[in-house]
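Be aware that the sequence shown starts at 158, since it is given in my numbering, and climbs by one per residue.
All remarks here apply to the structure that follows.
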Amino acid sequence: MPTLKLYGTPLSGHVHRVTLLLRMLNLDHQFIEAGAEFRQSPEFLRLNPFGQIPVLVDGDVVLGDSNAILVYLAKTYAPDSQWLPQSAVDAALLQQWLGKAAGEIRYGVASARLIKQFGTPEDYASALKVAARFLPQLEQHLQGRDFLVTAQATVADLACYTYVARAPEGGIALTAFPAINQWLQRIEALPGFIATPPLPLPDQINL
Ligand SMILES: N[C@@H](CCC(=O)N[C@@H](CS)C(=O)NCC(=O)O)C(=O)O
Numbered sequence: 158m159p160t161l162k163l164y165g166t167p168l169s170g171h172v173h174r175v176t177l178l179l180r181m182l183n184l185d186h187q188f189i190e191a192g193a194e195f196r197q198s199p200e201f202l203r204l205n206p207f208g209q210i211p212v213l214v215d216g217d218v219v220l221g222d223s224n225a226i227l228v229y230l231a232k233t234y235a236p237d238s239q240w241l242p243q244s245a246v247d248a249a250l251l252q253q254w255l256g257k258a259a260g261e262i263r264y265g266v267a268s269a270r271l272i273k274q275f276g277t278p279e280d281y282a283s284a285l286k287v288a289a290r291f292l293p294q295l296e297q298h299l300q301g302r303d304f305l306v307t308a309q310a311t312v313a314d315l316a317c318y319t320y321v322a323r324a325p326e327g328g329i330a331l332t333a334f335p336a337i338n339q340w341l342q343r344i345e346a347l348p349g350f351i352a353t354p355p356l357p358l359p360d361q362i363n364l
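Okay, structure coming up:
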């Protein structure tokens, strides 16, 4: 098997979801640090013209986009496993949650963390508004469920995990969401789980 290469940074939630699946599938890989400057280099832009991490290199296959990489890894290295359910309905629901990861989660809790921790020029009020609508919806969905799509963790859970778990690093408290907290703990108990390095917590807002 060719050595898998993952370009990323340890603090990126998009990269972290891929790291989680690689570890949970026991796939050896080389982690290549790709900071902001390198991401603009011709060498990196040849790998991903969007200039974003993560990028996965698997032999001749070069893929950007964290959710696309999760699907590729599960289909290639764990077909017929819990990670990518096959029924039409479950596969569709999984796509729905990957969409939430790239939509409401990216522009809500993840945006708040980018602003508070890295000074990214995004709109904090808008991030809070998106999070304030989405987190109660997620809480309601998780009431009476262990995971987002099926009774076991899928790539959708990994895609949605990191930025929700790290919402307090963006100043958004999770204390009012018991079902979300239990879901986070279930993911943290999966074999191979590793956390992102913790960042200092700013003052917390209860949504
Ligand atoms: N949709 C992409 C988003 C990835 C993303 O936003 N990555 C950030 C780091 S967390 C990045 O590379 N930002 C640099 C940029 O957008 O120029 C994915 O899921 O991989």
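Even glycine gets a Cβ: it sits at the ideal position worked out from N, Cα and C.
Among the options, the one whose alpha carbon lies nearest that of residue i
{"i": "P354", "options": "F201, T166, S244, D222", "result": "T166"}
{"i": "L168", "options": "T307, R343, Y320", "result": "Y320"}
{"i": "I329", "options": "A282, P211, L182", "result": "A282"}
{"i": "T160", "options": "L213, V172, P278, W340", "result": "L213"}
{"i": "C317", "options": "L331, Q239, A267", "result": "A267"}
{"i": "L230", "options": "D185, A259, N363", "result": "D185"}
{"i": "R203", "options": "I362, G221, A313", "result": "G221"}
{"i": "P278", "options": "Y264, Q197, G192, K232", "result": "Y264"}
{"i": "Q300", "options": "T311, F291, A336", "result": "A336"}
{"i": "G276", "options": "F291, H173, V172, G327", "result": "G327"}
{"i": "I260", "options": "I344, E345, N363, A284", "result": "The identity of residue 260 in the sequence shown is Gly, whereas the question assumes Ile. Closest option to G260, Cα to Cα, is A284."}
{"i": "V172", "options": "L315, A289, S198, Q361", "result": "L315"}
Alpha carbon of residue i to alpha carbon of residue j, nearest angstrom
{"i": "F195", "j": "P348", "result": "32 angstroms"}
{"i": "N205", "j": "G216", "result": "15 angstroms"}
{"i": "L356", "j": "I272", "result": "13 angstroms"}
{"i": "G208", "j": "A324", "result": "25 angstroms"}
{"i": "F334", "j": "A248", "result": "27 angstroms"}
{"i": "K257", "j": "I189", "result": "27 angstroms"}
{"i": "P242", "j": "P236", "result": "9 angstroms"}
{"i": "V287", "j": "T332", "result": "18 angstroms"}
{"i": "P293", "j": "Q339", "result": "14 angstroms"}
{"i": "A313", "j": "A322", "result": "14 angstroms"}
{"i": "Y234", "j": "A191", "result": "25 angstroms"}
{"i": "E200", "j": "V219", "result": "13 angstroms"}
{"i": "A310", "j": "Q297", "result": "18 angstroms"}
{"i": "Q187", "j": "L163", "result": "6 angstroms"}
Near ligand 1: residue i beta-carbon under 7 angstroms from a heavy atom
{"i": "R112", "result": "An answer regarding residue 112 cannot be provided, because it is not within the stretch 158 to 364 covered by the chain."}
{"i": "P167", "result": "no"}
{"i": "G328", "result": "no"}
{"i": "Q209", "result": "yes"}
{"i": "D280", "result": "no"}
{"i": "S223", "result": "yes"}
{"i": "H186", "result": "no"}
{"i": "H367", "result": "There is no way to answer for residue 367, as the model of the chain reaches only from 158 to 364."}
{"i": "A259", "result": "yes"}
{"i": "G349", "result": "no"}
{"i": "G256", "result": "no"}
{"i": "D170", "result": "Residue identity check: residue 170 is Gly in the sequence provided, not Asp. Yes, Cβ of G170 sits closer than 7 angstroms to a heavy atom of ligand 1."}
- [ ] Inspect the CB distances between the region 226-242 and the region 176-189 and report whether three or more fall short of 8 angstroms.
- [x] yes
- [ ] Would you check if there are 3 or more beta carbon pairs closer than 8 angstroms linking the region 305-321 to the region 252-268?
- [x] Yes: at least three Cβ pairs fall under 8 angstroms.
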